[in-house]
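Structure, as structure tokens:
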Amino acid sequence: MRTHDTWLTRAETGADIPAVRAINLAAFDTPQEADLVDALRAESSWIEGLSLVAADQDGTLVGHALLTRCHIGDSPALCLAPVAVRPDQQKTGAGSAVIRAALAAAKERGEYHVTVLGHPAYYPRFGFGRASLHGIGLSIEVPDEAMMVLTLDESRPLPAGTVRYAAPFGI
198 MRTHDTWLTR AETGADIPAV RAINLAAFDT PQEADLVDAL RAESSWIEGL
248 SLVAADQDGT LVGHALLTRC HIGDSPALCL APVAVRPDQQ KTGAGSAVIR
298 AALAAAKERG EYHVTVLGHP AYYPRFGFGR ASLHGIGLSI EVPDEAMMVL
348 TLDESRPLPA GTVRYAAPFG I
């Protein structure tokens, strides 16, 4: 377990599954992301130890970040999605803490590249940059600035190609 400011971060356990679902249901307008996490949990793209939670000092789970297997062209990579924080705890650093913990866990496991389709003003603080600058894209139209990528090992250049997500993403 790691401490990030006031947030405790750790890998999800089986006992956390209902709380992770509740966080995703509360954080988003529809159950789509919560259902996505459940579907990914049953998929070969799921990597044990890369579903991270953030808890407050009392141990109450408030945030969740998930990394699953994807590919950039033929190269294995990770997809950061979804990231969720309970609405009453948003803008407190819980999201940043759980993202940093997830990226650190991925690096410790020897992963090299992470993709995210997200808010272009938020994810660059973690080192993400525009994917198109590296010849990386999607098979669907998305705002160019929203598709981002990060390398966890500067000695491993980002591969070019189309990102292929796990089947539950529907992309």
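When we follow my numbering, the leftmost residue of the sequence shown carries the number 198, and every step to the right adds one. Backbone N, C-alpha and C fix where the C-beta goes; we use that ideal spot for every residue, glycine too.
Cα-Cα separation, residue i to residue j
i	j	result
T254	V280	The residue you asked about is not Thr; residue 254 is Gln in the sequence shown. The straight-line gap from Cα to Cα measures roughly 20 Å.
L258	A223	12 Å
L347	G324	6 Å
Y362	G290	28 Å
G372	R218	This structure cannot settle anything about residue 372, because the visible part of the chain is limited to 198 through 368.
G211	L335	32 Å
Cut-off 6 Å between Cβ atoms - residues of its own chain near residue i, not counting five sequence neighbours on either side
i	result
S248	E209, L263
A328	M344, M345, V346
D285	none
Exposed unless 16 or more other CB atoms sit within 10 angstroms - verdict on residue i
i	result
Q229	exposed
T200	Because the pLDDT at T200 is just 45, under 50, the model does not fix this residue reliably, and the value given afterwards should be weighed accordingly. Burial call: exposed.
8 Å Cβ shell around residue i - same chain, five flanking residues per side excluded
i	result
F225	A231, P279, A281
G256	L205
Beta-carbon proximity of residue i to residue j, cut-off 9 Å
i	j	result
S242	P356	no
L275	E240	no
T227	I244	no
V339	C267	no
I220	R283	yes
R353	H316	no
Close Cβ partners of residue i (< 7 Å) along its chain, the five nearest in sequence each way excluded
i	result
K304	L349
V313	L277, A278, Y320, F325, M345
P365	L233, A236, L237, E240
Please list the segments of the beta strand (DSSP E) lying wholly inside the stretch 202-290, counting only runs of 3 or more residues, in order along the chain. 204-208, 243-252, 258-269, 272-282
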